[in-house]
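Asks: I have a structure I would like to understand better, so I am pasting it below and will then ask my questions one at a time.
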Amino acid sequence: MKVRYFAWVRERIGKEEEDIDPPAGVATVGELMAWLSRRGDEYAHAFENPKVIRAALDRSHVRADAALTGAREIAFFPPMTGG
Amino acid sequence: MTASIVAATVRLQREPFDAAAEATELRRGRTDVGALVTFTGICRGDEGGKPLIALMLEHYPGMAEAEVERHVVEAQQRWPLLGVTVIHRYGRLEPGEEIVMVATAASHRHDAFAAAEFLMDYLKTRAPFWKQVEYAGGKAWVEKRWVEAKASDDALADRWAEPPSKRPDAAE
Numbered sequence: 000m001k002v003r004y005f006a007w008v009r010e011r012i013g014k015e016e017e018d019i020d021p022p023a024g025v026a027t028v029g030e031l032m033a034w035l036s037r038r039g040d041e042y043a044h045a046f047e048n049p050k051v052i053r054a055a056l057d058r059s060h061v062r063a064d065a066a067l068t069g070a071r072e073i074a075f076f077p078p079m080t081g082g
Numbered sequence: 000m001t002a003s004i005v006a007a008t009v010r011l012q013r014e015p016f017d018a019a020a021e022a023t024e025l026r027r028g029r030t031d032v033g034a035l036v037t038f039t040g041i042c043r044g045d046e047g048g049k050p051l052i053a054l055m056l057e058h059y060p061g062m063a064e065a066e067v068e069r070h071v072v073e074a075q076q077r078w079p080l081l082g083v084t085v086i087h088r089y090g091r092l093e094p095g096e097e098i099v100m101v102a103t104a105a106s107h108r109h110d111a112f113a114a115a116e117f118l119m120d121y122l123k124t125r126a127p128f129w130k131q132v133e134y135a136g137g138k139a140w141v142e143k144r145w146v147e148a149k150a151s152d153d154a155l156a157d158r159w160a161e162p163p164s165k166r167p168d169a170a171e
């Protein structure tokens, strides 16, 4: 599964994207955030306040309880500030 | 309500755009358009009282287009629009440069105003764009800060969650 990071989530992790293979127990977006945040200090920093992090599965907004089943791409980013 | 879906223009681009020309294009050669609303968002020269050098706009390619198009379709379903144009820039913008434009054409002004406001409220809170400001921080360095999302923008977007039960201009 491909993960993409944007804005300060990208800056804190130090990567734009990466391929990951989470274990079977990681079933939701929220569980994936928790799993990622254990991968290192930069991830822990990025996900220190998971409530403010927004996510998209295959380019559609989803909530933290959304299932990862079948998703090819997930993105994590701060609240949007366009317009 | 089933609106006839008319052609819409959605563009995300690095280059500047000509808002007046884009708006004129929406009603060129037609006489059914009675109202044309154009909103242009411009990069200000200050943010929070501090002079800024530039605004960096990051976006999520692929998803940003899809989100904007989805909201344009929703606007077309909610109001009887005769044309819609949305252009959003990304990359580095300096004060005075245009960031975004929304133009809506309709027979009556209420529909054009409402649809333009709806689209802007959604662009600010749901389209995957992020603004970073560059402040002058001294001779050799630049202070950069991500713009924080405003709760007031969320509140403005949320007011569209309930479809209008009755359009004010329905009797016109």
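Chain order of the listed sequences is G and R. Counting from 1, position 4 in the first sequence corresponds to residue 3 in numbering that gives the first Met the number 0; the numbering is continuous, with no gaps. Counting from 1, position 14 in the second sequence corresponds to residue 13 in numbering that gives the first Met the number 0; the numbering is continuous, with no gaps. The C-beta atom is built at its ideal place from N, Cα and C for all residues, glycine as well.
Quick check on DSSP: helix, strand or coil for R/I41?
Replies: Under the three-state reduction of DSSP, R/I41 is assigned to strand.
Asks: Would R/V36 pass as an interface residue toward chain G - the criterion being a Cβ-Cβ separation below 8 Å?
Replies: no
Asks: When you compare only the Cα positions, how much space is there between R/V132 and R/A111?
Replies: 32 Å
Asks: Using the beta-carbon count (16 or more within 10 Å), is G/A45 buried or exposed?
Replies: buried
Asks: Using a Cβ-Cβ distance under 8 Å, would R/K49 count as near chain G?
Replies: no
Asks: Comparing the C-beta of G/K50 with each C-beta of chain R, is any distance below 8 Å?
Replies: no
Asks: Closer than 8 Å is the cut-off here; do at least three beta carbon pairs connect the region 45–60 of chain R with the region 104–118 of chain R?
Replies: The region 104–118 of chain R and the region 45–60 of chain R do not touch, with fewer than three beta-carbon pairs separated by less than 8 Å.
Asks: Shortest alpha-carbon distance to G/P22 belongs to which of G/D57, G/M0, G/A65 and G/K50?
Replies: G/M0
Asks: Do R/A104 and R/L122 have their beta-carbon atoms positioned less than 8 Å apart in this structure?
Replies: no
Asks: By the DSSP assignment, the alpha helix (DSSP H) with G/A23 in it spans what residues?
Replies: From DSSP, G/A23 is part of no alpha helix (DSSP H); its letter is neither H nor E.
Asks: Looking at the C-beta of R/G136, does it have a partner C-beta in chain G at a distance below 8 Å?
Replies: no
Asks: By the criterion of Cβ-Cβ separation under 8 Å, what are the contact partners of G/F46 in chain R?
Replies: The premise fails here: G/F46 is roughly 16 Å from chain R at the closest Cβ pair, so nothing lies under 8 Å.
Asks: Just the Cα atoms here: how many angstroms apart are G/V8 and G/F76?
Replies: 6 Å
Asks: Our contact map puts R/W129 next to G/T80 with C-beta atoms below 8 Å; I'd like the distance itself, whole angstroms only.
Replies: About 5 Å separates the two Cβ atoms, so the contact holds.
Asks: Excluding the 5 residues flanking R/A18 on each side, which residues of the same chain have their C-beta closer than 7 Å to its C-beta?
Replies: T37, T39, E97 and M100
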